[in-house]
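Colleague: Counting from 1 along the sequence shown, just add 4 to a position and that's the residue number in my numbering.
We treat Cβ as the ideally placed atom computed from N, Cα and C, and that holds for glycine.
Note that this is a predicted model, so its numbers are computed, not measured.
Have a look at this one before I ask anything.
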Amino acid sequence: MSVVVLISGRGSNLQAFFEAGLPVSAVISNVAGAAGLALAAKRGVPAKVVPHKDFPSREAFDAALAQEIDGFSPRLVALAGFMRVLTPGFVHRYRERMLNIHPSLLPAFPGLDTHSRALAEGVKLHGCSVHFVTAELDHGPIVAQAAIPVRREDTAASLAQRVLKQEHVVYPRAVRWFLDGKLVIGDGTVSVKGSDAQLVFDDSP
Ligand code: GRF
């Protein structure tokens, strides 16, 4: 029933998992000193580092990472600010049991700098998406999205702040649905058994 969480940095989504009472069995970072590792250690959750720099290729890194993950026999792998592109082999190994959170309303703005790109495009709606991971970067069946209005006075920083708040709402919810066996993937889309709350809209300041 457990989740292994992969991080590279701050770990605020990981913290949201802890606060939601999700069964996190281990946290693995590709960056030594990632702040999220300390959050795990504080809770007595195993916190491991697999530094990508120590490996000669993406394949070698992903093989070492998979070995660490499989040592915990998780039901789900959750990417939470994990800043590495994964090989198709790794993605296939955790097919339909690996989730990611991305700070945009996918399929808009895959990749980096989503908030400044959203401002540059003048979109009026922005947000975040939880999706199953496929071999294509920031792509895959969408489990849940949270949307916020883009205001005239917004900056990349203010958008990041409001979107992150929503990430902490939808990501734990999506993980809980997965663990409860409520997610149904069909034809590239996801539905939730007995629930229609796959969209959150928040227009609070
Ligand atoms: C979040 O914005 C997430 O959407 C993106 O990376 C950031 C990670 O933040 N993939 P944190 O480490 O969970 O605080």
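Kindly indicate the opening and closing residues of the alpha helix (DSSP H) around Q170.
Modeller: 160 to 183
Colleague: Measuring from the CB of N106, is there a heavy atom of ligand 1 at a distance below 7 Å?
Modeller: This sequence places His at residue 106; Asn is not what is there. Flag set: Cβ of H106 near ligand 1.
Colleague: Are at least three pairs of beta-carbons, each pair with one atom in the segment 158 to 171 and one in the segment 192 to 203, less than 8 Å apart?
Modeller: no
Colleague: S6 and P78: beta carbons closer than 8 Å?
Modeller: yes
Colleague: Counting Cβ pairs closer than 8 Å, one from the segment 45 to 61 and one from the segment 15 to 35, do we hit at least three?
Modeller: yes
Colleague: Verify whether the separation of the beta carbon atoms of H119 and A160 is less than 8 Å.
Modeller: Against a cut-off of 8 Å, the Cβ pair of A160 and H119 comes out as a contact.
Colleague: So what does DSSP say about V194, is it helix, strand or coil?
Modeller: strand
Colleague: Give the DSSP-derived three-state secondary structure of P111 in the structure shown.
Modeller: Under the three-state reduction of DSSP, P111 is assigned to coil, being neither helix nor strand.
Colleague: Quick check on N104: does DSSP put it in helix, strand or coil?
Modeller: Of the three classes helix, strand and coil, the one that applies to N104 here is strand, per DSSP.
Colleague: How would you label P133, buried or exposed, when you count the other beta carbons within 10 angstroms and need 16 or more for buried?
Modeller: Per the sequence shown, the amino acid found at residue 133 is Ser instead of Pro. That one is buried.
Colleague: May I ask you to report which of helix, strand or coil DSSP gives H143?
Modeller: coil
Colleague: Determine the direct distance from the alpha carbon of G13 to that of A218, and round the result to whole angstroms.
Modeller: A question about residue 218 goes unanswered here, because the residues of the chain that appear run from 5 up to 209.
Colleague: Are the CB atoms of L80 and N104 within a distance shorter than 8 Å?
Modeller: No. Outside cutoff.
Colleague: Relative to the C-alpha of A124, which residue among R155, Q149, R101, F136 is closest?
Modeller: R155
Colleague: Can you find the residues in the same chain that come closer than 7 Å, C-beta to C-beta, to P153, ignoring five residues on each side of it along the sequence?
Modeller: K128, L129, D207
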